[in-house]
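Chains as they are written, first to last, in this note's numbering: chain A, 12 to 489; chain B, 12 to 489.
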């Protein structure tokens, strides 16, 4: 047997599965979806498949090639990590949106939940990780209370180098580092940005900062598998080759035109049909703390890609499903009352795990108390998995549509699959909705208003517009 | 001037304000609310006000008295904290839902963002705080990697003592502590539970655990201002008297029958009218990391209280607005594209801060680069506040309804106001919807299914029902 086949065997045992039984009318009842509705979409699905293939072939979806074209990038990252990890106790990402959500999600998924509180030895010799994804002054000032700048490496992540939040953080950090460390400051900054364009590239070149490239054709929310996500992951000892291998494995699964065998297409179709039926909310509810922040990453991907005013013909459509981040079993005590009894306005996506990284047994010490006795001798693993099944059942019975994605275990390979699955599904949903899933025109208005309020040259007209906005009515302020 | 008047003066400068201009048609356009619609609700509002007063008078809303009737409780808590804080390096809450969300939110709001990573001296001599609000085995096992049980105090919080998640954690911890510490183990456990009923009270009495009382008439999601929240807060050096004083101050503001002067009633009315217009999503978006977890606490309060199948007459209504937790400015790079261009299905609640706890100036080092130069010399404080205003403006222009709650600064007194405001608003919204905001019947099905799957005696019938559920169709699993 060839090496490749051996590898395939191992990978299949780590395949992520997608179960959508509870989306179908035959299971969930009238709020569900009929197979005939999917059949009726045949032409629309074919058109979407064609568009996806064309975009991929014509360089309109460069993120799809990331699992394949980064051998050199991975090598460069791993070499850099190995050359600096002993020097630095702390690695700080300066980034926001797509430059922060992926790094946080992957770190939380793979590493120890209290990673930053472990000794460097227990962290495998890798630095701590902090992600500064906001401009709340309290957060950054507080960081200085707990890190030693002499052993801290800052990773500035912005493709354009004009992201106000990230660049202002960089400007503050640069000044502080230079004051404190002089010439040595430049070794404490590493940039992840465009190869040629934008503000940060010339700054990095001039200052002599080490830098990594965000490929020109890859947008922020699809950039986790570029150095945006790969560098912070590798810096914390995460196997980035396996992340990419997982993505490649999922890519194979998503290539088929057999809709009922394609997890990404089917995820998109079911949510699309859900939206048509008024299900304007997409809940992602992992049953493990390790995947909690996948919900945040997904929230950007799904919201920013599909929340659009115009369709591809320029017609006003105002579409988009609002992502909601939940966590099982925790949110059974917070959100499930609403999911069970509230409106049928949701598609709920459970994300389960077959094997947790550890096991914990409940001692049999209260066998005489009925509401505690049944727990004795069971594991927390069994309890959380049973609660997941029970919640799935309760929501099914209540007529609330749900589906379940299951990871055999949470590791780099399964995580790579999950990320890539959601990305392809998002692209496909964009095609079904006939919108551009890869732009974000709606954030310009707020940016321009910020510039105008700051008196930035060139925004005088917007300033005039702002000055003309109606005065607030005191009657409407309590 | 009497002492009381002096106090009032100070408090008024710390008053939380509620601005709903951008909810009104005259500002946000056709997706907004007309004053005439509020006028048309006159009878409904009067009925709701009357019901609220009657419930309060008849002991149906005991949580409303918490700001006034806990002098002894506060004294007991503070004495206990002072007697144990030197012995313990770590304080761990075992709780879920209402027993976890409040403690997390208050800690994050008031204390240092990296509190657990500060030295004990920098923590003011108070222990670290961890909240174990899930049964993911990885989380609890990992906790043992970073805490020393000899200096760890566990706070078991459950009113009924039958919450499977919390009690199973307690059983595990109890056994481990007793194995390791023998007789001394009992000093490492403090219980917060009902005065008389449930499983935990007799256990606490038998074992000789220190315990605090959750008043019988206060439900989980309204319990933050009982020892559920007050003990963890005081244990981390938070001024719980000021929390309660803030709640009392807000109570005064919420007593008026003048709708346009009552922030809680108005918050409820505007969301109620929003729901009627298809706004089934309630986004809470604070512009400070310190209030991030207020969104999680609110999500339980609003979802579990208002997500109901039946109205008070037993009619099937399936009402409820789905809470979404966002964070400014971070989520401008994740969710705001959707908020600006997607469906008009949301009420967005900005939570702003006039004065942050610190200030951070951006150096003027790139005056030659237009997209960076305008930032030089400004503070991060100004940047985040400007971005909030700009986003408010952009969403207004896009026709997306929004309102703004502003805290003069984040401290115990303003936080107490905010918590109490949301609680009263939730109660009032329940009256307008004509549902019971204080029960959670929808979580029973999932609990019973869990018991049945575990083979708990008494759940044989449910087990039979589960065994009869349709087999999953392999065609619907990819």
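Backbone N, C-alpha and C define an ideal beta-carbon position, used for all residues, glycine too. Note that the structure is a prediction, hence the values are computed from the model and not measured.
Going by DSSP, residue 392(A) is part of the alpha helix (DSSP H) stretching over 391-408. Closest in alpha carbon position to residue 373(B), among 229(A), 474(A), 180(A) and 64(A), is 180(A). For residue 370(B), the closest Cβ of chain A is nearer than 7 Å. Residue 440(B) sits away from residue 264(B), with the two beta carbons spaced by 7 Å or more.
When Cβ pairs closer than 8 Å are counted between the two stretches, the segment 431-445 of chain A is seen not to touch the segment 395-415 of chain A, the count staying below three. By the criterion of a C-beta distance shorter than 8 Å, residue 238(A) is surrounded in its chain by 84, 88, 203, 223, 224 and 225, once the five residues flanking it on both sides are discounted. Comparing alpha-carbon positions, the option among 468(A), 457(A), 248(A) and 376(A) lying closest to residue 132(A) turns out to be 248(A).
For the pair residue 445(B) and residue 358(B), the CB atoms are not nearer than the 7 Å cut-off. Residue 192(B) carries a helical assignment under DSSP once its states are collapsed to helix, strand and coil.
For residue 240(A) and residue 118(A), the gap between their C-alpha atoms comes out near 10 Å.
At a cut-off of 7 Å between beta-carbon atoms, residue 374(B) makes contact with chain A.
For residue 144(A), the chain B residues whose C-beta falls within less than 7 Å of its own C-beta are 341, listed in chain order. With contacts defined by Cβ atoms closer than 7 Å, residue 344(A) and residue 108(B) form a contacting pair. Taking C-beta separations shorter than 7 Å and ignoring five residues to either side along the sequence, the partners of residue 310(A) in its chain run 334 and 336, following chain order. Taking each of 327(A), 342(A), 347(A) and 422(A) in turn and checking the Cα distance to residue 447(A), the smallest one comes out for 327(A). Under the DSSP definition of a beta bridge, residue 363(B) partners with 417(B). Legend: CB atoms of the segment 264-287 of chain A lying less than 8 Å from CB atoms of chain B belong to residues 264, 271, 272, 273, 274 and 277.
Of all residues in the segment 87-121 of chain A, those with a C-beta nearer than 9 Å to a C-beta of chain B are 107, 108, 109, 110, 111 and 112, reading in chain order. When DSSP states are grouped into helix, strand and coil, residue 117(B) belongs to the helix group.
Cα atoms of residue 139(A) and residue 33(B): separation of roughly 43 Å, rounded to the nearest angstrom.
Exclusion of the five residues before and after residue 415(B) leaves 30, 361, 363 and 403 as the residues of its chain whose Cβ lies within less than 7 Å of its Cβ. Boundaries for residue 164(A): no alpha helix (DSSP H) harbours it, while the beta strand (DSSP E) harbouring it runs 163-168, taken from the DSSP string.
Sequence-ordered contacts of the segment 283-314 of chain B with chain A read 291, 292, 299, 300, 301, 310, 311 and 314 [C-beta pairs closer than 7 Å].
45(A) is the residue among 24(A), 45(A), 396(A) and 95(A) whose C-alpha sits nearest the C-alpha of residue 288(A). Between the segment 340-356 of chain B and the segment 462-475 of chain B, the count of C-beta pairs closer than 8 Å stays below three; the two stretches do not touch. Within the segment 376-389 of chain B, the residues whose Cβ lies closer than 9 Å to some Cβ of chain A are 376, 377, 380, 381, 382, 383, 384, 385, 386, 387 and 389, listed in chain order. With respect to the 7 Å criterion, residue 152(B) and residue 371(A) are classified as neighbours on the basis of their beta carbons. Between residue 273(B) and residue 332(B), the C-beta gap is not smaller than 7 Å, which leaves the two residues out of contact. Residue pairing from DSSP places residue 35(B) in a beta bridge opposite 44(B). The alpha-carbon separation between residue 195(B) and residue 177(B) amounts to approximately 22 Å. In the assembly as shown, residue 312(A) is a buried residue. Its beta-carbon has 16 or more other beta-carbons within 10 Å.
In this structure, DSSP gives residue 103(A) an extended state, which the three-state scheme calls strand.
Chain order gives the chain A residues near residue 151(B) as 371 and 391, where near means a beta carbon separation below 8 Å.
Counting along the chain, residue 459(A) sits inside the alpha helix (DSSP H) bounded by residues 455-464. Sequence-ordered contacts of the segment 346-359 of chain B with chain A read 346, 347, 348, 349, 350, 351, 352, 353, 354, 355, 356 and 357 [C-beta pairs closer than 9 Å].
Cα atoms of residue 260(B) and residue 22(B): separation of roughly 8 Å, rounded to the nearest angstrom.
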